[in-house]
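Trainee:
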Amino acid sequence: MGKSFFRMAQVGLGGVLLTTLGSAGAIAESTRYCGYDPDLGNNPLGMRAYITITEADGTTTFTYEQLGSIVPNPDAPIALTVTRTLTFYDTPLDIARQRLRNSSALYDTLVGYDAPEGYGPVDAVLSCTTQDAQP
10 MGKSFFRMAQ VGLGGVLLTT LGSAGAIAES TRYCGYDPDL GNNPLGMRAY
60 ITITEADGTT TFTYEQLGSI VPNPDAPIAL TVTRTLTFYD TPLDIARQRL
110 RNSSALYDTL VGYDAPEGYG PVDAVLSCTT QDAQP
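Quick note on this note's numbering: the sequence shown kicks off at 10 and runs consecutively.
1. Going along the chain, which residues of its own chain have a beta-carbon closer than 7 Å to the beta-carbon of A124, five neighbours each way excluded?
2. Ends of the beta strand (DSSP E) at S39?
3. May I have a chain-ordered list of the beta strand (DSSP E) segments no shorter than 3 residues that lie completely inside the segment 75 to 107?
4. Three or more C-beta pairs closer than 8 Å, one from the segment 90 to 106 and one from the segment 61 to 76: is that the case here?
5. Starting from the C-beta of L135, find all residues in its chain whose C-beta is less than 6 Å away, skip the five residues before and the five after it, and write them out in chain order.
6. Is T122 helix, strand or coil when you go by DSSP?
7. Quick check: D132 and R108, are their CB atoms within less than 8 Å of each other?
8. Run through the DSSP bridge pairs and tell me what G127 is partnered with.
9. Please work out which residues of its chain come closer than 7 Å, Cβ to Cβ, to E38, disregarding the five sequence neighbours upstream and downstream, and give them in chain order.
10. Taking C-alpha atoms, which residue in R41, G77 and T40 lies nearest to R57?
11. Going along the chain, which residues of its own chain have a beta-carbon closer than 8 Å to the beta-carbon of D48, five neighbours each way excluded?
12. I104 to G129, Cα distance in whole Å?
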(Lines of atoms letter the chains of each structure in order from A and count residues from 1; the text may use other names and numbers.)
(Lines give C-alpha, C1' and ligand atoms only; values in the text may rest on other atoms or scores of the structure.)
Protein backbone atom coordinates (compact mmCIF):
# COMPACT_ATOMS: atom_id res chain seq x y z
CA MET A 1 0.00 0.00 0.00
CA GLY A 2 2.93 2.37 0.40
CA LYS A 3 4.07 4.61 3.19
CA SER A 4 2.00 5.24 6.31
CA PHE A 5 1.79 8.69 7.85
CA PHE A 6 1.18 9.29 11.48
CA ARG A 7 -0.94 11.64 13.52
CA MET A 8 0.03 12.36 17.10
CA ALA A 9 -2.46 12.80 19.92
CA GLN A 10 -1.89 13.37 23.62
CA VAL A 11 -3.06 10.62 25.93
CA GLY A 12 -3.38 11.13 29.66
CA LEU A 13 -0.84 13.40 31.30
CA GLY A 14 2.00 13.19 28.85
CA GLY A 15 1.77 10.06 26.78
CA VAL A 16 1.54 10.37 23.03
CA LEU A 17 -0.55 8.09 20.85
CA LEU A 18 0.36 7.68 17.19
CA THR A 19 -2.51 6.83 14.87
CA THR A 20 -2.10 6.02 11.21
CA LEU A 21 -3.43 8.40 8.59
CA GLY A 22 -4.43 6.64 5.42
CA SER A 23 -4.62 3.14 6.86
CA ALA A 24 -6.40 0.41 4.96
CA GLY A 25 -10.16 0.32 5.22
CA ALA A 26 -13.36 0.89 3.31
CA ILE A 27 -13.41 4.37 1.83
CA ALA A 28 -16.27 5.54 -0.33
CA GLU A 29 -14.10 7.54 -2.74
CA SER A 30 -10.46 7.98 -3.67
CA THR A 31 -8.77 10.09 -1.00
CA ARG A 32 -5.31 11.68 -0.84
CA TYR A 33 -3.52 12.24 2.46
CA CYS A 34 -0.38 14.25 3.19
CA GLY A 35 1.45 14.25 6.48
CA TYR A 36 4.80 14.95 8.05
CA ASP A 37 7.47 12.54 6.79
CA PRO A 38 10.54 12.42 9.09
CA ASP A 39 12.61 11.04 6.20
CA LEU A 40 12.33 14.49 4.56
CA GLY A 41 13.74 16.46 7.51
CA ASN A 42 12.79 18.00 10.83
CA ASN A 43 9.27 19.27 11.40
CA PRO A 44 9.50 23.10 11.17
CA LEU A 45 6.53 23.30 13.56
CA GLY A 46 8.44 21.45 16.27
CA MET A 47 7.47 18.28 18.06
CA ARG A 48 4.12 19.49 19.41
CA ALA A 49 2.36 20.66 16.24
CA TYR A 50 1.79 19.36 12.75
CA ILE A 51 -0.17 19.89 9.55
CA THR A 52 -2.03 17.20 7.64
CA ILE A 53 -3.84 17.53 4.33
CA THR A 54 -6.81 15.53 3.06
CA GLU A 55 -8.32 15.74 -0.42
CA ALA A 56 -11.68 14.07 -1.03
CA ASP A 57 -14.19 14.73 -3.80
CA GLY A 58 -12.04 17.58 -5.16
CA THR A 59 -12.04 19.50 -1.86
CA THR A 60 -8.79 19.91 0.07
CA THR A 61 -8.60 20.45 3.83
CA PHE A 62 -5.48 21.49 5.75
CA THR A 63 -5.56 20.67 9.46
CA TYR A 64 -3.17 22.30 11.93
CA GLU A 65 -3.02 20.58 15.31
CA GLN A 66 -1.08 21.31 18.48
CA LEU A 67 -0.68 18.58 21.05
CA GLY A 68 -2.57 19.24 24.23
CA SER A 69 -1.29 21.39 27.07
CA ILE A 70 -2.18 20.72 30.67
CA VAL A 71 -4.42 23.41 32.17
CA PRO A 72 -4.12 23.89 35.95
CA ASN A 73 -7.15 22.55 37.77
CA PRO A 74 -7.27 21.44 41.43
CA ASP A 75 -9.96 18.79 40.85
CA ALA A 76 -8.60 16.82 37.88
CA PRO A 77 -6.14 17.29 35.02
CA ILE A 78 -7.46 19.13 31.98
CA ALA A 79 -5.83 19.20 28.55
CA LEU A 80 -6.36 21.94 25.97
CA THR A 81 -5.77 20.99 22.33
CA VAL A 82 -5.82 23.44 19.42
CA THR A 83 -7.08 22.30 16.01
CA ARG A 84 -7.62 24.65 13.09
CA THR A 85 -8.75 23.75 9.57
CA LEU A 86 -8.59 25.59 6.28
CA THR A 87 -10.77 24.13 3.50
CA PHE A 88 -10.35 24.84 -0.20
CA TYR A 89 -13.67 23.79 -1.75
CA ASP A 90 -13.58 22.40 -5.30
CA THR A 91 -9.78 22.67 -5.30
CA PRO A 92 -7.44 19.73 -5.94
CA LEU A 93 -4.68 19.09 -3.42
CA ASP A 94 -1.76 20.23 -5.59
CA ILE A 95 -3.44 23.55 -6.41
CA ALA A 96 -4.41 24.12 -2.76
CA ARG A 97 -0.81 23.47 -1.66
CA GLN A 98 0.43 26.00 -4.20
CA ARG A 99 -2.11 28.59 -3.03
CA LEU A 100 -0.99 28.15 0.58
CA ARG A 101 2.69 28.45 -0.46
CA ASN A 102 1.85 31.69 -2.29
CA SER A 103 -0.19 33.32 0.49
CA SER A 104 1.40 34.07 3.84
CA ALA A 105 -1.96 35.49 5.00
CA LEU A 106 -3.71 32.15 4.42
CA TYR A 107 -0.95 30.24 6.20
CA ASP A 108 -1.01 32.68 9.14
CA THR A 109 -4.78 32.15 9.35
CA LEU A 110 -4.31 28.38 9.43
CA VAL A 111 -1.72 28.35 12.21
CA GLY A 112 -3.20 31.28 14.13
CA TYR A 113 -0.05 33.40 14.37
CA ASP A 114 2.26 35.49 12.19
CA ALA A 115 4.68 32.97 10.67
CA PRO A 116 7.35 34.91 8.71
CA GLU A 117 8.86 31.71 7.29
CA GLY A 118 5.51 30.83 5.68
CA TYR A 119 4.20 27.45 4.61
CA GLY A 120 7.12 26.48 2.33
CA PRO A 121 9.30 24.80 4.99
CA VAL A 122 6.33 22.75 6.25
CA ASP A 123 5.28 21.78 2.72
CA ALA A 124 8.82 20.54 2.03
CA VAL A 125 8.53 17.81 4.69
CA LEU A 126 5.05 16.57 3.77
CA SER A 127 4.63 13.36 1.83
CA CYS A 128 1.38 12.21 0.23
CA THR A 129 -0.36 8.93 -0.48
CA THR A 130 -3.59 8.01 -2.26
CA GLN A 131 -6.20 5.53 -1.14
CA ASP A 132 -8.46 4.32 -3.91
CA ALA A 133 -12.07 3.47 -3.30
CA GLN A 134 -12.67 -0.13 -2.30
CA PRO A 135 -14.71 -2.13 -4.86
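Each residue gets a CB set at the ideal place from its N, CA and C atoms; glycine is no exception.
Mentor: Put simply:
1. Y116 and D117, listed in sequence order.
2. DSSP places S39 outside any beta strand (DSSP E), giving it a letter other than H or E.
3. As far as the segment 75 to 107 is concerned, its whole beta strand (DSSP E) runs of at least 3 residues are 87 to 97.
4. In this structure the segment 90 to 106 lies against the segment 61 to 76, because at least three pairs of beta carbons, one per stretch, are closer than 8 Å.
5. Closer than 6 Å at the Cβ level, and outside the excluded window around L135, lie C43.
6. Here residue 122 is Tyr; the residue named in the question, Thr, does not match the sequence. DSSP, read as helix, strand or coil, puts Y122 in coil.
7. Result no, Cβ atoms of D132 and R108 do not sit closer than 8 Å.
8. The partner list for G127 (beta bridge, DSSP) is empty, contrary to what the question assumes.
9. Excluding sequence neighbours, E38 sits near A65, D66 and A142.
10. Put simply, of R41, G77 and T40 the residue whose alpha carbon is nearest the alpha carbon of R57 is G77.
11. Result list for D48: S136, in chain order.
12. If you take the alpha carbons of I104 and G129, they lie about 14 Å apart.
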